[in-house]
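**Student:** Here you go, one structure.
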Amino acid sequence: MAWQSVLDELVRDRGPALLGHAYLLTGDVRDAEDLVQDALVKVFSGRRRADEVGSAEAYVRRAMHTIFVDGFRRRRHWATIRHLTAARETSPPDGPHAPPELVVGNRLALAQALATLTPRERACVVLHHVEDLPVGEIAEVLGLSTGTVKRYLSDGRAALRTHLEPASDASPASDAPPEPPILERIAVHARRTR
Numbered sequence: 020m021a022w023q024s025v026l027d028e029l030v031r032d033r034g035p036a037l038l039g040h041a042y043l044l045t046g047d048v049r050d051a052e053d054l055v056q057d058a059l060v061k062v063f064s065g066r067r068r069a070d071e072v073g074s075a076e077a078y079v080r081r082a083m084h085t086i087f088v089d090g091f092r093r094r095r096h097w098a099t100i101r102h103l104t105a106a107r108e109t110s111p112p113d114g115p116h117a118p119p120e121l122v123v124g125n126r127l128a129l130a131q132a133l134a135t136l137t138p139r140e141r142a143c144v145v146l147h148h149v150e151d152l153p154v155g156e157i158a159e160v161l162g163l164s165t166g167t168v169k170r171y172l173s174d175g176r177a178a179l180r181t182h183l184e185p186a187s188d189a190s191p192a193s194d195a196p197p198e199p200p201i202l203e204r205i206a207v208h209a210r211r212t213r
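When you number the sequence shown by the numbering used here, it's gap-free, plus one each residue, and the end is 213.
So this is what it looks like as structure tokens:
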């Protein structure tokens, strides 16, 4: 398969998933679009091009992570994130019957909490809890040791718990079902936006 047809098929079939993944990393639609485009250019302008969609997608995802982390290093500041995803009226991430203000509030809280993580922590958390990659694969994708990935996951989880878990003195409403753990909510939300 010629690289042009691989590129066309990748963008047509996996473009929304790549954009959604980039959005989880950047927190901004325009930045996510730029990240995907930069990664596609990086992968398909090189001498060694993927000859099938599966490997091309893996190369593009790796390039997205590299570009994202490198961009953060150059800027040395973290942009404020307005929201994690645009509201979907048909299937909100917190349940089909959740009130819109709760959905928006949860998305905003999640986006703000993810924004507090370092780029590596954020990448590890997204890859592990959203993309369901095991620690070994995350280490390979990011070019880190497994111990380093575990440390980033631990630090990222702790930071997310600090920002997202309800205060211990707050008493939940008696009729309200218990909230699922925060990382489970992240994974459920991400899977619904794919």
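C-beta atoms are modelled at their ideal positions from N, C-alpha and C, and glycine is treated no differently.
Rounding to the nearest angstrom, what Cα-Cα distance links L54 and E184 in this structure?
**Tutor:** Spanning the two alpha carbons is a distance of roughly 31 Å.
**Student:** Given this structure, state the Cα-to-Cα distance separating R33 from G175, to the nearest angstrom.
**Tutor:** 28 Å
**Student:** Using alpha carbons as the reference points, say which of I86, G46, T167, V145 lies closest to Q56.
**Tutor:** I86
**Student:** At 4 residues or longer, and completely inside the segment 139 to 189: list those alpha helix (DSSP H) runs for me, N to C.
**Tutor:** With a minimum length of 4 residues, the continuous alpha helix (DSSP H) runs that stay inside the segment 139 to 189 are 154 to 161, 165 to 183.
**Student:** What separation, rounded to the nearest whole angstrom, lies between the Cα atoms of A58 and C143?
**Tutor:** Their Cα atoms are separated by approximately 18 Å.
**Student:** For R139, which residues of its own chain have a beta-carbon under 6 Å away from its beta-carbon, when the five flanking residues on both sides are left out?
**Tutor:** Cβ within range, chain order: Y171.
**Student:** In this structure, does DSSP put D27 in helix, strand or coil?
**Tutor:** helix
**Student:** What residues in its chain sit with their C-beta under 7 Å from that of E52, if we drop five residues either side in the sequence?
**Tutor:** L38
**Student:** Could you check if V60 is buried or exposed, using at least 16 other CB atoms within 10 Å of its CB as the buried criterion?
**Tutor:** exposed
**Student:** Report buried or exposed for A177, applying the criterion of at least 16 other Cβ atoms within 10 angstroms of its Cβ.
**Tutor:** exposed
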